[in-house]
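Before any comments, here is the structure.
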């Protein structure tokens with residue numbers, strides 16, 4: 004593990020100096036982490052996406068890292084992976100605010116819960132999960148309902164929600180936490196009964 008870390012740190016330092024061979028090796032090392040971060044961020048937004056979208060975003064992120072020499076900004080090179088996740092997540096957020104993403108369609112809640120490989124036997128289970136989740140959402144008070152939908156389904160940040168609803172950020176944080184706890188409680192009840 005320590006040798007891997009030293010190897011990555013060496014690659015980063017060589018990349019900062021403009022070594023193309025080191026860049027190629029670094030891409031091989033960090034690409035899976037970038038892809039994972041992109042996919043998780045897109046899943047949380049509820050936007051329909053394809054593998055090609057992930058690849059395009061990954062290429063844009065890698066280009067930005069190289070072109071703008073972003074590796075130079077890493078203070079603790081041992082923490083490259085958390086830095087990659089953060090940078091990729093922020094890049095996806097920027098993309099989602101742009102015109103390209105605005106033209107994408109949001110998946111209905113049920114589709115966000117289903118895996119593409121769902122079998123017919125899973126349809127009933129998925130429908131039950133969806134109904135339970137939607138029932139739990141309806142049980143929230145209106146403010147919690149709106150806040151949790153903006154967070155989970157539309158990928159908005161707490162500060163953005165506070166601005167949109169013209170309420171203090173502390174209220175958003177508390178309401179979001181309460182809503183999550185209520186949803187978690189309802190989903191646990193459902194899973195116990197399965």
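Numbering (the working numbering), first residue to last: 4 to 197.
Think of the CB as a built atom: it goes at the ideal place given N, C-alpha and C, for glycine as much as any other residue.
Selection from the options that minimises the alpha carbon distance to residue i
i: residue 63; options: 30, 85, 83, 81; result: 30
i: residue 188; options: 136, 37, 13; result: 136
i: residue 89; options: 59, 101, 33; result: 33
i: residue 190; options: 138, 148, 158; result: 138
i: residue 15; options: 54, 58, 68; result: 68
i: residue 131; options: 172, 194, 10, 158; result: 194
i: residue 48; options: 171, 158, 165, 66; result: 158
i: residue 26; options: 73, 38, 56; result: 73
i: residue 45; options: 84, 97, 13; result: 97
i: residue 11; options: 93, 102, 84, 101; result: 84
Inter-residue Cα distance where the pair is residue i and residue j
i: residue 133; j: residue 82; result: 38 Å
i: residue 70; j: residue 192; result: 50 Å
i: residue 153; j: residue 24; result: 43 Å
i: residue 148; j: residue 36; result: 33 Å
i: residue 8; j: residue 28; result: 14 Å
i: residue 91; j: residue 168; result: 28 Å
i: residue 155; j: residue 95; result: 15 Å
i: residue 172; j: residue 93; result: 20 Å
i: residue 165; j: residue 13; result: 43 Å
Distance between beta carbons of residue j and residue i, contact taken as under 8 Å
i: residue 87; j: residue 61; result: Their Cβ separation, rounded to whole angstroms, is 11 Å, which puts residue 87 and residue 61 out of contact at 8 Å.
i: residue 161; j: residue 176; result: 6 Å
i: residue 151; j: residue 186; result: 7 Å
i: residue 38; j: residue 50; result: Wrong, their Cβ atoms sit about 16 Å apart, outside the cutoff.
Touch check for the region 138-147 and the region 175-187: three-plus C-beta pairs under 8 Å?
-> Yes, they touch.
Scan the region 63-109 and note each continuous alpha helix (DSSP H) run of 4 residues or more that stays entirely inside, going in chain order.
-> If we require 4 residues or more, the alpha helix (DSSP H) runs fully inside the region 63-109 come out as 83-100, 102-105.
The region 14-28 in contact with the region 70-80 per 3-pair CB rule at 8 Å = Contact holds between the region 14-28 and the region 70-80, because three or more Cβ pairs, one in each stretch, are under 8 Å apart.
Unbroken alpha helix (DSSP H) runs of length 4 or more, entirely within the region 6-49: which are they?
-> Counting only unbroken stretches of 4 or more residues, the alpha helix (DSSP H) elements lying wholly within the region 6-49 are 23-48, in sequence order.
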